[in-house]
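S.K.: Got a structure for you, questions after.
Protein chains: 2
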Amino acid sequence: MKKANSKGIIETEGGICAPKGFKAAGIHCGFRKNTSKKDLALIVSDVMCNAAAVYTQNKVQGAPIAVNKEHLKDSRAQAIICNSGIANTCVPGGVEISRETCRLAADALGLDAQDIIVASTGVIGQPLNIETFRQGIPRAVKKLSYDGSDGAAKAIMTTDKVKKEVAVSFHLDGKRCCIGGIAKGSGMINPNMATMLSFITTDVAISAEMLKYALESNVVDTYNQISIDGDTSTNDTVAILANGLVGNPEIDRQGEAFDLFCVALRAVTETLCRGIVKDGEGASKLIECVVKGAPTGRIARIVSSSVTQSDLVKTAIFGEDANWGRILCAVGYADADFECGRMDITLSSAAGELEVCRGSEAVIFDEDLAKKILETDEIKIVIDLHDGLKEAVAYGCDLTYNYVRINGRYRT
Amino acid sequence: MKKANSKGIIETEGGICAPKGFKAAGIHCGFRKNTSKKDLALIVSDVMCNAAAVYTQNKVQGAPIAVNKEHLKDSRAQAIICNSGIANTCVPGGVEISRETCRLAADALGLDAQDIIVASTGVIGQPLNIETFRQGIPRAVKKLSYDGSDGAAKAIMTTDKVKKEVAVSFHLDGKRCCIGGIAKGSGMINPNMATMLSFITTDVAISAEMLKYALESNVVDTYNQISIDGDTSTNDTVAILANGLVGNPEIDRQGEAFDLFCVALRAVTETLCRGIVKDGEGASKLIECVVKGAPTGRIARIVSSSVTQSDLVKTAIFGEDANWGRILCAVGYADADFECGRMDITLSSAAGELEVCRGSEAVIFDEDLAKKILETDEIKIVIDLHDGLKEAVAYGCDLTYNYVRINGRYRT
Numbered sequence: 037m038k039k040a041n042s043k044g045i046i047e048t049e050g051g052i053c054a055p056k057g058f059k060a061a062g063i064h065c066g067f068r069k070n071t072s073k074k075d076l077a078l079i080v081s082d083v084m085c086n087a088a089a090v091y092t093q094n095k096v097q098g099a100p101i102a103v104n105k106e107h108l109k110d111s112r113a114q115a116i117i118c119n120s121g122i123a124n125t126c127v128p129g130g131v132e133i134s135r136e137t138c139r140l141a142a143d144a145l146g147l148d149a150q151d152i153i154v155a156s157t158g159v160i161g162q163p164l165n166i167e168t169f170r171q172g173i174p175r176a177v178k179k180l181s182y183d184g185s186d187g188a189a190k191a192i193m194t195t196d197k198v199k200k201e202v203a204v205s206f207h208l209d210g211k212r213c214c215i216g217g218i219a220k221g222s223g224m225i226n227p228n229m230a231t232m233l234s235f236i237t238t239d240v241a242i243s244a245e246m247l248k249y250a251l252e253s254n255v256v257d258t259y260n261q262i263s264i265d266g267d268t269s270t271n272d273t274v275a276i277l278a279n280g281l282v283g284n285p286e287i288d289r290q291g292e293a294f295d296l297f298c299v300a301l302r303a304v305t306e307t308l309c310r311g312i313v314k315d316g317e318g319a320s321k322l323i324e325c326v327v328k329g330a331p332t333g334r335i336a337r338i339v340s341s342s343v344t345q346s347d348l349v350k351t352a353i354f355g356e357d358a359n360w361g362r363i364l365c366a367v368g369y370a371d372a373d374f375e376c377g378r379m380d381i382t383l384s385s386a387a388g389e390l391e392v393c394r395g396s397e398a399v400i401f402d403e404d405l406a407k408k409i410l411e412t413d414e415i416k417i418v419i420d421l422h423d424g425l426k427e428a429v430a431y432g433c434d435l436t437y438n439y440v441r442i443n444g445r446y447r448t
Numbered sequence: 037m038k039k040a041n042s043k044g045i046i047e048t049e050g051g052i053c054a055p056k057g058f059k060a061a062g063i064h065c066g067f068r069k070n071t072s073k074k075d076l077a078l079i080v081s082d083v084m085c086n087a088a089a090v091y092t093q094n095k096v097q098g099a100p101i102a103v104n105k106e107h108l109k110d111s112r113a114q115a116i117i118c119n120s121g122i123a124n125t126c127v128p129g130g131v132e133i134s135r136e137t138c139r140l141a142a143d144a145l146g147l148d149a150q151d152i153i154v155a156s157t158g159v160i161g162q163p164l165n166i167e168t169f170r171q172g173i174p175r176a177v178k179k180l181s182y183d184g185s186d187g188a189a190k191a192i193m194t195t196d197k198v199k200k201e202v203a204v205s206f207h208l209d210g211k212r213c214c215i216g217g218i219a220k221g222s223g224m225i226n227p228n229m230a231t232m233l234s235f236i237t238t239d240v241a242i243s244a245e246m247l248k249y250a251l252e253s254n255v256v257d258t259y260n261q262i263s264i265d266g267d268t269s270t271n272d273t274v275a276i277l278a279n280g281l282v283g284n285p286e287i288d289r290q291g292e293a294f295d296l297f298c299v300a301l302r303a304v305t306e307t308l309c310r311g312i313v314k315d316g317e318g319a320s321k322l323i324e325c326v327v328k329g330a331p332t333g334r335i336a337r338i339v340s341s342s343v344t345q346s347d348l349v350k351t352a353i354f355g356e357d358a359n360w361g362r363i364l365c366a367v368g369y370a371d372a373d374f375e376c377g378r379m380d381i382t383l384s385s386a387a388g389e390l391e392v393c394r395g396s397e398a399v400i401f402d403e404d405l406a407k408k409i410l411e412t413d414e415i416k417i418v419i420d421l422h423d424g425l426k427e428a429v430a431y432g433c434d435l436t437y438n439y440v441r442i443n444g445r446y447r448t
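First to last, the sequence lines map onto chains A and B. For reference, each letter of the first sequence is one residue, going 37 to 448 in the numbering used here. For reference, each letter of the second sequence is one residue, going 37 to 448 in the numbering used here.
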């Protein structure tokens with residue numbers, strides 16, 4: 037969070053409950069056989085929130101997404117309910133199940149079903165049992181607390197090994213504000229949304245319109261720039277609730293306050309995104325690919341993602357092999373218009389920095405240093421196209437034996 | 037080759053030397069340390085040929101491709117020289133090395149350098165030593181023989197485990213004609229050409245224009261529909277030589293003779309393509325994905341490729357897990373315009389056939405039969421979109437521990 041710090045944005049405790057007036061809970065409800073794994077998360081604001089969400093670009097979409105699109109027509113929501121284990125996708129009557137889930141949550145919370153956001157993650161094509169929700173929701177409501185972020189963060193996990201949870205604080209008009217977030221991966225992660233759920237809360241007062249704008253311009257550089265396996269899932273959702281309890285003058289236009297909100301939001305989402313790829317299925321290393329000197333930001337995003345999505349680059353990084361030819365190859369097949377003949381490629385990590393290619397041709401480099409750089413668990417690839425002034429980053433992870441193991445036997 | 041058989045096209049012996057007047061050889065020349073691995077292939081026609089080639093769509097292209105584009109401006113060639121081990125890509129002076137390679141081959145064969153096609157496959161960014169060619173080419177020329185296809189097929193292999201070689205015979209105007217082909221994989225294989233080289237020979241008399249047309253319309257459904265790892269390499273080349281020694285009336289327009297030639301060519305290229313994916317790096321199973329009921333052929337090709345390229349589908353097939361949700365998901369993110377809500381999905385193999393999804397929703401199916409189907413080594417996925425009349429096939433392979441092992445340590 038280096039950038040963030042420069043604007044007085046600091047990391048804080050409490051996750052999604054760091055902002056005022058947000059309770060959360062996570063319980064084992066019964067969608068999973070393993071009773072020690074929480075599988076139902078509930079997030080509730082004390083007051084009505086402005087809300088926005090973005091969804092997967094997959095043409096096959098989970099039933100909850102259809103319901104959320106209806107519920108967020110008025111850009112307002114007060115609670116989020118989410119189960120893990122079953123995706124509620126491609127099953128007869130799935131939309132009705134998601135609607136009924138919202139009704140049950142609304143009844144238990146004394147809210148309107150229209151103000152509930154619903155999400156599901158897990159196996160596609162298996163039916164969700166509404167009875168499990170009927171029994172579980174009241175228990176989740178009882179467990180709601182102002183320090184319940186941890187439980188909710190754990191309940192949305194599927195094959196994730198670690199929870200993804202972060203919060204930042206900053207000051208607007210002298211008032212301390214917070215943005216908190218949780219997220220889950222960890223397979224089917226790819227640009228244009230991942231099998232990824234992320235729920236963000238804030239106590240900042242911000243208009244529905246500006247909240248939507250902030251979220252949509254954020255995801256282009258964060259959630260849409262992460263890739264674990266190139267598979268864009270059916271259920272991806274990033275939702276944000278802003279309850280305004282800080283009492284700042286509502287942010288209703290672009291300007292200094294909005295910019296600060298966006299930087300703080302970026303600190304939250306970037307941390308969650310790095311967490312998602314670092315905890316990618318089977319991943320042992322995070323790969324950060326920076327593309328500089330691109331003609332446009334869009335081209336920089338496409339090229340950097342092409343590199344982090346290459347199975348050959350990912351296996352080379354896993355094998356700690358400085359096979360830069362594969363990086364260059366992945367740049368070359370990126371679907372965008374740019375000049376390929378002037379590329380410089382640098383590998384770096386905590387262990388050092390090393391140029392491995394200059395002007396798109398081989399340079400002699402120190403293989404021992406390359407090895408040391410690649411032995412660390414966060415590898416940065418910087419590619420300068422020397423074809424413009426724009427820059428972008430993409431995040432990915434290595435491709436390992438464990439990825440194959442995990443995904444060869446997911447349903448069993 | 038079922039389709040092929042129906043037109044009197046039969047598989048025959050001899051590979052690229054099955055057509056009259058083609059000699060070939062493969063030797064160990066010194067590009068590789070392992071002296072038991074052949075690394076230089078030479079293919080020569082007794083007479084001048086009409087020639088055509090298609091190349092990788094990667095913007096980063098190996099030096100040999102630049103030289104071939106010059107040499108094939110006149111659509112004529114008489115020999116092909118190819119080394120394995122080093123790709124001659126992204127190295128200073130690479131184009132000059134490829135030109136000099138052609139000159140050396142031309143001198144040794146008594147031909148014009150302009151009439152030589154050159155190819156290299158292997159590691160990117162390492163320099164090729166022209167002295168190795170200077171010493172090896174005369175030895176390869178000495179070894180040329182009318183039954184040398186086996187040696188050439190072996191010499192172009194990199195991480196391939198088995199050689200890819202096939203030939204067919206058929207009759208044109210009462211004369212027996214042949215088409216032969218060899219190919220190599222086995223990583224960086226993806227639509228719009230693979231890290232894949234394929235050399236095809238024929239003794240049919242066909243005009244340069246029709247030969248080009250036959251090749252270009254062929255690759256759309258064959259080489260461009262295979263994927264091993266989604267990485268499109270820098271050096272892919274499919275080249276065809278037609279020497280006309282059969283003496284048939286030259287095929288110079290569309291019609292019955294041209295159609296038969298195309299069907300025979302398809303039998304050759306389809307066999308090579310199936311061979312390439314079945315021998316994909318680390319692959320244990322071939323995946324054939326047929327998409328039916330698509331609005332256009334292009335959409336059918338895009339959707340079927342999306343499925344064979346999905347790491348999650350590939351690992352599920354490796355794990356023999358009938359996780360059809362992943363298939364549906366990969367259809368959903370295919371970048372094309374079609375209706376996603378009416379999909380039927382069937383899995384089949386030598387062990388049986390099973391519908392796993394109907395109308396884009398789950399159906400209850402026999403998990404034991406699913407297991408049996410997936411235990412075989414050639415799996416067919418048939419997807420009917422019920423959104424048109426067009427059909428296409430894509431070929432891929434599973435993603436295995438061995439893929440990761442092979443690609444984690446390629447350079448070492």
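Glycine is no exception: its CB is placed at the ideal position from the N, C-alpha and C atoms.
1. Could you pull the start and end residues of the beta strand (DSSP E) that residue 431/A belongs to?
2. With a 10 Å radius around its C-beta and 16 neighbouring C-beta atoms as the bar for buried, classify residue 345/A as buried or exposed.
3. Taking a cut of 7 Å between CB atoms, which residues from the stretch 197 to 215 of chain A lie near chain B?
4. Pick from 275/B, 270/B, 264/B and 285/B: whose alpha carbon is nearest that of residue 240/B?
5. For chain A, is any of its Cβ atoms less than 7 Å away from the one on residue 165/B?
6. Given residue 336/B, which residues of its chain have a CB within under 6 Å of its CB, disregarding the five upstream and five downstream residues?
7. At a Cβ threshold of 7 Å, is residue 396/B touching chain A?
8. Tell me the rounded alpha-carbon separation between residue 236/B and residue 218/B.
9. Give a yes or no on whether the C-beta atoms belonging to residue 168/A and residue 66/A are separated by under 7 Å.
10. Please return the same chain residues whose Cβ sits closer than 6 Å to the Cβ of residue 136/B, not counting the five positions on each side in sequence.
11. Determine the DSSP secondary structure at residue 394/A, reduced to helix, strand or coil.
12. Here's a check: name, in chain order, each residue in its chain whose Cβ is nearer than 6 Å to the Cβ of residue 62/A, leaving out the five neighbours to either side.
13. Enumerate in chain order the residues of its own chain whose CB-to-CB distance from residue 406/A is below 8 Å, with the five nearest sequence positions on each side excluded.
14. Using 8 Å as the cut-off, can you tell me whether the stretch 201 to 214 of chain B makes contact with the stretch 100 to 108 of chain B, which would need three or more C-beta pairs spanning the two stretches below that distance?
15. Name the chain B residues that come within less than 8 Å of residue 425/A, Cβ to Cβ?
16. Take the Cβ of residue 400/A as the centre, count every other Cβ of all protein chains shown within 10 Å, and call the residue buried at 16 or more, exposed below.
17. Going straight from the alpha carbon of residue 261/A to that of residue 55/B, what length do you get?
18. Using only the alpha-carbon positions, how far apart do residue 234/B and residue 348/A sit?
19. Could you compute how far the alpha carbon of residue 152/A sits from the alpha carbon of residue 342/A?
20. I'd like to confirm the pairing. Which residues does DSSP put opposite residue 233/A in its beta bridges?
21. From the beta carbon of residue 444/B, is the nearest beta carbon of chain A less than 7 Å away?
22. Could you please give me the residues that DSSP links to residue 157/B through a beta bridge?
23. Does any CB atom of chain A fall closer than 7 Å to the CB of residue 131/B?
24. Where DSSP assigns a beta bridge to residue 385/B, which residues make up the other side?
25. Taking the C-alpha atoms as reference points, what is the distance between residue 250/B and residue 297/A?
26. List, in order along the chain, the chain A residues whose C-beta lies closer than 7 Å to that of residue 127/B?
27. Spatial neighbours of residue 46/A within its chain, please: CB distance less than 7 Å, with the 5 preceding and 5 following residues excluded, ordered by chain position.
28. So, is residue 362/A buried or exposed, given that buried needs 16 or more other C-beta atoms within 10 angstroms?
29. Using only CA atoms, which one of 368/A, 321/A, 419/A and 129/A lies nearest to residue 411/A?
30. Do residue 126/B and residue 277/A have their beta-carbon atoms positioned less than 7 Å apart in this structure?
31. Under 7 Å between C-beta atoms, does residue 161/A make it to chain B?
32. Would you please verify whether the beta carbon of residue 73/B is less than 7 Å from any beta carbon of chain A?
33. Drop a sphere of 10 angstroms on the beta-carbon of residue 414/A, count the other beta-carbons inside from all chains shown, and report buried for 16 or more, exposed for fewer.
34. At a Cβ threshold of 7 Å, is residue 351/B touching chain A?
35. Hey, residue 248/A and residue 366/A: beta-carbon distance below 7 Å or not?
36. Report, in whole angstroms, the separation of the C-beta atoms of residue 271/B and residue 92/B, which I expect to be a contact under 8 Å.
M.R.: In short, the structure shows the following:
1. Position 395 of the first sequence, counting from 1, holds the residue named residue 431/A. Its beta strand (DSSP E) spans residues 426 to 433.
2. In the first sequence, residue 345/A corresponds to position 309, counting from 1. Buried, because 16 or more other Cβ atoms sit within 10 Å of the Cβ of residue 345/A.
3. Going along the stretch 197 to 215 of chain A in chain order, one finds no residue with a Cβ nearer than 7 Å to chain B.
4. For the purposes of this step, residue 240/B is taken as the residue at position 204 of the second sequence. Checked all of 275/B, 270/B, 264/B and 285/B; the closest Cα to residue 240/B is 285/B.
5. Residue numbering aside, residue 165/B sits at position 129 when the second sequence is read from its first letter. Answer no: the Cβ-Cβ gap between residue 165/B and chain A never drops below 7 Å.
6. Counted from its first residue, the second sequence places residue 336/B at position 300. Spatial neighbours of residue 336/B in its own chain (CB-CB distance under 6 Å, excluding positions within 5 residues in sequence) are listed in chain order as 327, 330, 426, 427 and 428.
7. On the second sequence, residue 396/B is found 360 positions in, with the first residue counted as 1. Interface residue, yes.
8. In the second sequence, counting from the first residue as 1, residue 236/B sits at position 200. In the second sequence, counting from the first residue as 1, residue 218/B sits at position 182. Approximately 7 Å, taken between the alpha carbons.
9. The residue given as residue 168/A occupies position 132 in the first sequence. The residue given as residue 66/A occupies position 30 in the first sequence. Cβ distance < 7 Å, so residue 168/A and residue 66/A count as in contact.
10. Locating residue 136/B in the second sequence gives position 100, where the first residue counts as 1. The answer, listed in chain order, is 166.
11. Taking the first residue of the first sequence as position 1, residue 394/A is located at position 358. Three-state DSSP puts residue 394/A in a strand.
12. Here residue 62/A refers to the residue found at position 26 when the first sequence is read from its first residue. Cβ within range, chain order: 74, 77, 187, 188, 190 and 191.
13. Indexing the first sequence from 1 puts residue 406/A at position 370. So the qualifying residues of the chain are 358, 383, 390 and 392.
14. no
15. Residue mapping note: residue 425/A aligns to position 389 of the first sequence, counting from 1. Near residue 425/A there are no residues of chain B at all, since even the closest Cβ is about 20 Å away, more than 8 Å.
16. Indexing the first sequence from 1 puts residue 400/A at position 364. The C-beta of residue 400/A has fewer than 16 other C-beta atoms within 10 Å across all chains shown, which makes the residue exposed.
17. Along the first sequence, read from residue 1 onward, the residue named residue 261/A stands at position 225. Along the second sequence, read from residue 1 onward, the residue named residue 55/B stands at position 19. One C-alpha to the other measures close to 51 Å.
18. Here residue 234/B corresponds to residue number 198 of the second sequence, with the count starting at 1. Here residue 348/A corresponds to residue number 312 of the first sequence, with the count starting at 1. Cα-Cα distance, rounded: 22 Å.
19. The residue labelled residue 152/A in the question sits at position 116 within the first sequence. The residue labelled residue 342/A in the question sits at position 306 within the first sequence. C-alpha separation (whole angstroms): 37 Å.
20. Taking the first sequence and counting its residues from 1, the one referred to as residue 233/A is at position 197. Answer is 220/A and 273/A, bridged to residue 233/A.
21. In the second sequence, the residue the question calls residue 444/B occupies position 408. It does; some Cβ of chain A falls within 7 Å.
22. Taking the first residue of the second sequence as position 1, residue 157/B is located at position 121. Answer is 120/B.
23. Mapped onto the second sequence, residue 131/B falls at position 95. False, the Cβ-Cβ gap to chain A never drops below 7 Å.
24. Here residue 385/B corresponds to residue number 349 of the second sequence, with the count starting at 1. 388/B, per the DSSP bridge assignment.
25. Stepping through the second sequence from its first residue, residue 250/B is reached at position 214. Stepping through the first sequence from its first residue, residue 297/A is reached at position 261. The straight-line gap from Cα to Cα measures roughly 59 Å.
26. Within the second sequence, residue 127/B is the residue found at index 91, counting from 1. Result: 397 and 398.
27. Against the first sequence, residue 46/A aligns to sequence position 10. Counting only Cβ-Cβ distances below 7 Å, and skipping sequence neighbours, we find 204 and 205.
28. Indexing the first sequence from 1 puts residue 362/A at position 326. Flag for residue 362/A reads buried.
29. Locating residue 411/A in the first sequence gives position 375, counting from the first residue. Nearest C-alpha to residue 411/A: 321/A.
30. On the first sequence, position 241 is the one that residue 277/A refers to. On the second sequence, position 90 is the one that residue 126/B refers to. Their beta carbons are not under 7 Å apart, which means residue 277/A does not touch residue 126/B by this criterion.
31. Reading the first sequence from its first residue, position 125 is the one you call residue 161/A. By this cut-off, residue 161/A is an interface position.
32. As a first step, residue 73/B is located in the second sequence; it is residue number 37 there, counting from the start. Closer than 7 Å: no.
33. Residue mapping note: residue 414/A aligns to position 378 of the first sequence, counting from 1. Counting Cβ neighbours within 10 Å, residue 414/A comes out exposed, since fewer than 16 surround it.
34. The residue labelled residue 351/B in the question sits at position 315 within the second sequence. Yes, its Cβ sits closer than 7 Å to a Cβ of chain A.
35. In the first sequence, the residue the question calls residue 248/A occupies position 212. In the first sequence, the residue the question calls residue 366/A occupies position 330. No; because the gap between Cβ atoms is not below 7 Å, this pair is not in contact.
36. Within the second sequence, numbered from 1, the residue matching residue 271/B stands at position 235. Within the second sequence, numbered from 1, the residue matching residue 92/B stands at position 56. Going by Cβ atoms, the distance from residue 271/B to residue 92/B rounds to 7 Å, so yes, they are a contact pair.
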